[in-house]
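A.B. asks: Following this message is one structure expressed as structure tokens.
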């Protein structure tokens, strides 16, 4: 049995996901000690990062022509509406070179050994359900359920799966939900027409559980700690990361927050990108 | 020891409680190991309905009192007329979706056991702080009369006699024991809470009890803003196999649908087929 990580990176005009994936892969190798492969439709960009040959185990070409539009914040006062390519995640089952795979977003920074336990257990599918917002004051109910009428929310950001018949069914189901997104978003009372992996995973897990609470998906250890794109990554040194998180009721003002040996989902990709380039994300 | 379910039904101008009790009885025949259900009523029961009931029992000791808002004044009589040694009392606007045989097993060690936990259709425990302010402010237990168990016993009889006193003197009892957020109408839940308090039976509200149901009052579903009607807010379906999904979430055990129009001809026909095997 082989174990490894898989990162998806599909560059857009605004964001160099390959750069983020390279950084994320180094963190995975440092803390989890497993090989990392890159699934990308942006292979040409790899020539800007010669070290990729040492960092990545395999480069897996994917085709992802379909894009959506999304508003990306960079702190509380600035945003741009840009392309967003998130429709290839369900290919993970078919393209992974490993029998047990950690699939991870390029903006999820591994800074601890917590996930080693999950990589070494016997569960066939693990994903985060509970999360923790570093800001502390924001409404987190959108991450409890996919909406107030509907099913539990699961984060498609990080998950571990083993190739089995049941996980095969899960990924097939996600593909089906994606192809019939308009139908599913109506019956699950999702207002936004934008396809989200989080929602597709949540609905698929709910169906795999027989439309009720069940144990098809085991929860990954710990909480999915995150900062939103309205927050800013300041710097990172060894296992410590500093963030400026938005202050309640004072747009443009922030509170300094630090983490130590904690995995963090950094949704402000611009800020993460600046940090990778120059050591500061502000 | 005989076991059975019991419902008390009194039709009003708006609601056909006998029809609801019939649907409940069908669901019991369709799902339960213990299928005896009796109905206490003075209303006419159509011939077609009669066969699903174990016994049809008239409401005894009728006086000329004016019916209360939720016709709660006869509920204390249930203990005295039940034909069973062990009884589970239900509201008419409920459906069983699965066998609850293990509830009987759990309850056999108790003389009286109330459901104190209701859940919404998502499986979350209902927050009673809005609808049960009186119970909380007056430090009363919070029983749901709509689902409780009793065994023919001194302890249960004492409770029901106390309940009779509270129901017949509810305004005085509310003033003495539920004066905070005073409720100016008789509800059997509050009367039962006071009766439990007077009997010193707080322990009858067992937090480990399996007695639970899904409560579909629209206001307790955790929705903001709360709609008036749950059936126009979320989709639901009842399959020919008796599986009920609400908001795409499968429901289990006992479902308290609350809204009278929920039981339509389609559901009745499916229940009939299931009840007849």
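Protein chains in written order, with the working numbering: chain W, 1433 to 1714; chain E, 0 to 276. Glycine is no exception: its CB is placed at the ideal position from the N, C-alpha and C atoms.
#1: Using a Cβ distance threshold of 8 Å, determine whether the segment 86-105 of chain E contacts the segment 244-260 of chain E, with at least three qualifying pairs required.
#2: Terminal residues of the continuous alpha helix (DSSP H) containing residue 1709 (chain W)?
#3: Taking the C-alpha atoms as reference points, what is the distance between residue 1689 (chain W) and residue 195 (chain E)?
#4: Check whether the Cβ atoms of residue 241 (chain E) and residue 1582 (chain W) sit closer than 9 Å, and answer yes or no.
#5: Quick one, which residues of the segment 1617-1630 of chain W are near chain E if we go by CB-CB under 8 Å, in chain order?
#6: Identify which residue in W:1634, W:1536, W:1610 and W:1676 has its Cα closest to the Cα of residue 1625 (chain W).
#7: I'd like to confirm the pairing. Which residues does DSSP put opposite residue 1502 (chain W) in its beta bridges?
#8: Could you say which of W:1458, W:1459, W:1652 and W:1477 lies nearest to residue 1443 (chain W) if we only look at CA atoms?
#9: Residue 1718 (chain W) versus chain E: which residues are under 9 Å apart at the beta carbon?
#10: Does residue 3 (chain E) pass the burial test, meaning 16 or more other C-beta atoms within 10 Å, or should it be called exposed?
#11: From the DSSP output, in three-state form, read off residue 1457 (chain W) for me.
#12: Going by Cα to Cα distance, which pick from E:34, E:42 and E:104 is closest to residue 7 (chain E)?
#13: Looking at chain W, which residues of the segment 195-225 of chain E have a Cβ within less than 9 Å of any of its Cβ atoms?
#14: Could you name the residues of chain E that residue 1433 (chain W) contacts, counting a contact when the two beta carbons are closer than 9 Å?
#15: Can we say the segment 215-223 of chain E touches the segment 1609-1623 of chain W, given the rule of at least three CB pairs closer than 8 Å?
#16: From residue 284 (chain E) to residue 158 (chain E), what distance separates their C-alpha atoms?
#17: Does at least one heavy atom of the ligand NAP sit under 8 Å from the Cβ of residue 163 (chain E)?
#18: Should residue 1498 (chain W) and residue 1504 (chain W) be called a contact, given that it needs their Cβ atoms to be closer than 9 Å?
#19: Suppose you measure from the CA of residue 115 (chain E) to the CA of residue 1664 (chain W); what does that come to, to the nearest Å?
#20: Could you give the distance in angstroms between the alpha-carbon of residue 206 (chain E) and the alpha-carbon of residue 24 (chain E)?
#21: With a cut-off of 8 Å on the beta carbons, I'd call residue 1575 (chain W) and residue 1585 (chain W) a contact; round off their distance for me.
#22: Between residue 121 (chain E) and the rest of its own chain, which residues show a CB-CB distance below 8 Å, the 5 nearest in sequence each way excluded?
#23: Measuring alpha carbon to alpha carbon, tell me which of W:1694, W:1617, W:1676 and W:1577 ends up nearest residue 1654 (chain W).
#24: Just checking: is the beta-carbon of residue 1570 (chain W) within a distance shorter than 9 Å of some beta-carbon in chain E?
#25: Under the three-state reduction of DSSP, which class applies to residue 1617 (chain W): helix, strand or coil?
#26: Should residue 1454 (chain W) and residue 1533 (chain W) be called a contact, given that it needs their Cβ atoms to be closer than 9 Å?
#27: Can you tell me whether DSSP reads residue 225 (chain E) as helix, strand or coil?
#28: For the alpha helix (DSSP H) containing residue 112 (chain E), name the first residue and the last one.
#29: Who are the near neighbours of residue 1556 (chain W) in its chain, counting only those whose CB is closer than 6 Å to its CB and skipping five residues on each side?
#30: So, for residue 266 (chain E): in the same chain, excluding its five sequence neighbours on each side, which residues have a beta-carbon less than 8 Å away from its beta-carbon?
#31: Apart from the five residues just before and just after residue 1667 (chain W), which ones in its own chain have a Cβ nearer than 8 Å to its Cβ?
#32: Looking at chain E, which residues of the segment 1640-1655 of chain W have a Cβ within less than 7 Å of any of its Cβ atoms?
#33: By DSSP, does residue 1676 (chain W) sit in helix, in strand, or in coil?
#34: As a quick exercise: from E:179, E:72, E:174 and E:11, pick the residue whose alpha carbon is nearest that of residue 163 (chain E).
#35: At the 9 Å Cβ level, is residue 1532 (chain W) part of the contact set with chain E, yes or no?
#36: Is there at least one Cβ from chain W nearer than 9 Å to residue 79 (chain E)'s Cβ?
C.D. replies: In brief:
#1: By the Cβ test, the segment 86-105 of chain E is in contact with the segment 244-260 of chain E, since at least three Cβ pairs between them sit closer than 8 Å.
#2: It spans 1701-1710 - the alpha helix (DSSP H) in which residue 1709 (chain W) sits, taken as one unbroken run.
#3: If you draw a straight line from the Cα of residue 1689 (chain W) to the Cα of residue 195 (chain E), it comes to about 51 Å.
#4: It is not a contact, given that the beta carbons lie outside the stated cut-off.
#5: So the list reads 1619, 1620 and 1621, given in the order they occur along the chain.
#6: Cα-wise, what sits closest to residue 1625 (chain W) is W:1610.
#7: Partner(s): W:1514.
#8: It is W:1477 whose Cα lies nearest to the Cα of residue 1443 (chain W).
#9: With chain W represented from 1433 up to 1714, any question about residue 1718 (chain W) goes unanswered, as that position is not in the structure.
#10: Its Cβ being crowded by 16 or more others within 10 Å, residue 3 (chain E) is buried.
#11: Helix.
#12: Considering only alpha carbons, the answer is E:42.
#13: Within the segment 195-225 of chain E, the residues whose Cβ lies closer than 9 Å to any Cβ of chain W are, in chain order, 220, 221, 222 and 223.
#14: The contacting residues do not exist; residue 1433 (chain W) stays about 35 Å from chain E at best.
#15: Output reads no: the segment 1609-1623 of chain W does not touch the segment 215-223 of chain E.
#16: For residue 284 (chain E) there is no data in the structure shown, the boundaries of chain E being 0 and 276.
#17: Among the components of this structure there are no ligands whatsoever, and the ligand NAP is therefore not found.
#18: Contact flag unset, no.
#19: Straight-line Cα distance between these residues: approximately 47 Å.
#20: Whole-angstrom Cα-Cα distance: 28 Å.
#21: Yes, they are in contact, since the Cβ atoms of residue 1575 (chain W) and residue 1585 (chain W) sit about 5 Å apart, within 8 Å.
#22: For residue 121 (chain E), where only same-chain residues beyond five positions count, the Cβ hits under 8 Å are 220, 221, 246 and 248.
#23: Comparing Cα-Cα distances from residue 1654 (chain W) to each of W:1694, W:1617, W:1676 and W:1577, the minimum goes to W:1694.
#24: No, residue 1570 (chain W) lies away from the interface with chain E (no Cβ there is under 9 Å from its Cβ).
#25: Under the three-state reduction of DSSP output, residue 1617 (chain W) falls in the helix class.
#26: No; because the gap between Cβ atoms is not below 9 Å, this pair is not in contact.
#27: Three-state result, residue 225 (chain E): coil.
#28: Per DSSP, residue 112 (chain E) belongs to no alpha helix (DSSP H); it is in the beta strand (DSSP E), 111-114.
#29: Setting aside the 5 residues that flank it on each side, residue 1556 (chain W) is surrounded in the same chain by 1594, 1596 and 1599, each with a C-beta closer than 6 Å to its C-beta; the list follows chain order.
#30: Once the five neighbours on either side are set aside, the close Cβ partners of residue 266 (chain E) are 22 and 237.
#31: Closer than 8 Å at Cβ, skipping near neighbours: 1673, 1674, 1707, 1711, 1712 and 1713.
#32: Hits within the stretch, in order: 1642, 1643, 1644 and 1645.
#33: Under the three-state reduction of DSSP, residue 1676 (chain W) is assigned to strand.
#34: Scanning E:179, E:72, E:174 and E:11 for the CA closest to the CA of residue 163 (chain E) turns up E:72.
#35: Put simply, the CB of residue 1532 (chain W) is far from chain E, with every gap to its CB atoms at 9 Å or more.
#36: Not closer than 9 Å to any Cβ of chain W, the Cβ of residue 79 (chain E) fails to qualify, so no.
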